[in-house]
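Protein chains in written order, with my numbering: chain S, 3 to 190; chain U, 3 to 190. Glycine included, every Cβ here is placed at the ideal spot set by N, Cα and C. Here the structure comes first, spelled out in structure tokens, and everything after it is commentary.
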DNA sequence: TATTGTTATACTCTATAACTATA
DNA sequence: TATAGTTATAGAGTATAACAATA
């Protein structure tokens, strides 16, 4: 077992955290995620589709939304959900759908002026949400945390870009490699 | 803007990550969380309720499940969901419900022998999942990452133990403090 | 034949309300 | 009156299947 695994399991410094949870990676990740999402509500107020709508709007503002399915794949959104997301953004006057002359199946999503304004404002708010989430660390350690986080994510994305079955399989291989035949089964 | 916020927004080292996303704290957190959950499927195979069932089972094994609602609150599970979770664990022969003699409304949840075996095995698998998620970092940096993560979470939990509206309000206060009246509104 | 966008539908998960029994 | 546990029900969110238009 690595030092990190031992630390995650055992008795490191978990001040202020529930004893049996404070060193559980899954619980820690869940807490940060939950805290971030809860705080983000303040940044996406009035935006029907929540954070994901903001992602789509951002792609439109950046001129990177050449068709819906590309944007959907990028953010891990189901294509049928994407339709409703864009429907709502369009109904609220934040984006427009335009047929792509080069491929008449596709719809180019462009941001309206109102969409650009809302996006700029929401992004600014979101930076304060980031500060809120990271406020427990001094600035230098915030940078270090983000650097390590990016490295972790880069490796996860490299292993399984789609976060599909490959992530599960990779973990299963690691488990099987260390945990020979004796895996107890339900009802065994 | 803090250095960290600038780094999260701007041009730091995002090797191997989508350009406009690799420095987005929300996206990064989502990716780690998603990768962790996907990998965890291998560790909770055959456990109906997934990771949360493992949490509950762990409380039972540790003798910390004196009643259902206490366990539910601890893990942020709705009490009606908790009932079905314990139902399933009991049906699979992993835990038992026993009336508490001291408070006949409460049910003490105890792990069966099979439950203890399954828990031990699943926890061991879960440590390999942790290794899988953190594999992008050398051991020393894994420790550092976990240390920083714990600090971040400790602060979030201190601000809002229940991860309810308080997290949203705290972010909204920070936003309002920096972002005077000019918040553009939908349809404005 | 494959792909984009769309709709309708089914399914899963979660939250709400109401009830029983205890305190 | 309040709380632990339970059930039934409604709701949100998501995925599945089928379709039209285009490549």
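Taking the C-beta atoms as reference points, residue 118 (chain U) is found no nearer than 9 Å to residue 159 (chain U). Taking the CA atoms as reference points, residue 124 (chain S) sits about 41 Å from residue 59 (chain U). Within the DSSP bridge table, the entry for residue 119 (chain U) names no partner. Comparing alpha-carbon positions, the option among S:154, S:148, S:161 and S:36 lying closest to residue 25 (chain U) turns out to be S:148. Across the structure, residue 146 (chain S) and residue 156 (chain S) are spaced so that their CA atoms are roughly 15 Å apart. Counting the other CB atoms within 10 Å of its CB gives residue 61 (chain S) a total of 16 or more, which places it among the buried residues.
Residue environment for residue 152 (chain U): buried (at least 16 other C-beta atoms within 10 angstroms of its C-beta).
In this structure residue 86 (chain S) is exposed. Its beta-carbon is surrounded by fewer than 16 other beta-carbon atoms within 10 angstroms. Secondary structure note for residue 89 (chain U): it is in no beta strand (DSSP E), and the uninterrupted alpha helix (DSSP H) holding it is 81–93.
Neighbourhood of residue 18 (chain U) in chain S, by CB distance below 7 Å: 156, 159 and 160, in chain order. About 18 Å separates the beta carbon of residue 82 (chain U) from that of residue 97 (chain U), a gap too long to meet the 8 Å contact definition. Residue 106 (chain S) and residue 50 (chain S) have their C-alpha atoms roughly 28 Å apart. At a C-beta separation below 8 Å, residue 91 (chain S) has no neighbours in chain U, since its nearest C-beta there lies roughly 11 Å away. According to the DSSP assignment, residue 140 (chain U) belongs to no beta strand (DSSP E), since it is labelled neither H nor E. The beta-carbon separation of residue 131 (chain U) and residue 55 (chain U), rounded to 16 Å, does not stay under the 8 Å limit for a contact.
With a threshold of 16 other beta carbon atoms within 10 Å, residue 142 (chain U) falls short and is exposed. Contact annotation for residue 137 (chain U) against chain S: 157 [CB-CB distance below 7 Å, chain order].
Using a Cβ distance threshold of 9 Å, residue 110 (chain S) and residue 76 (chain S) do not count as a contacting pair.
In this model, residue 144 (chain U) and residue 150 (chain U) are separated by some 10 Å (Cα to Cα). Residue-level contact check: residue 150 (chain S) touches chain U, since one or more beta carbons of chain U fall below 9 Å from its beta carbon. Sixteen is the threshold: since fewer than 16 other Cβ atoms of the shown chains lie within 10 Å of the Cβ of residue 100 (chain S), the residue is exposed. Within 10 angstroms of the beta-carbon of residue 94 (chain S) lie 16 or more other beta-carbons, which makes it buried. If you draw a straight line from the Cα of residue 47 (chain S) to the Cα of residue 19 (chain S), it comes to about 30 Å.
What residue 53 (chain S) touches in chain U, judged by beta-carbon distance under 8 Å, is 28, going in chain order. DSSP, reduced to helix, strand and coil, places residue 112 (chain S) within a strand of the structure shown. Scanning chain U for C-beta atoms nearer than 8 Å to the C-beta of residue 146 (chain S) yields 146 and 150, reported in chain order.
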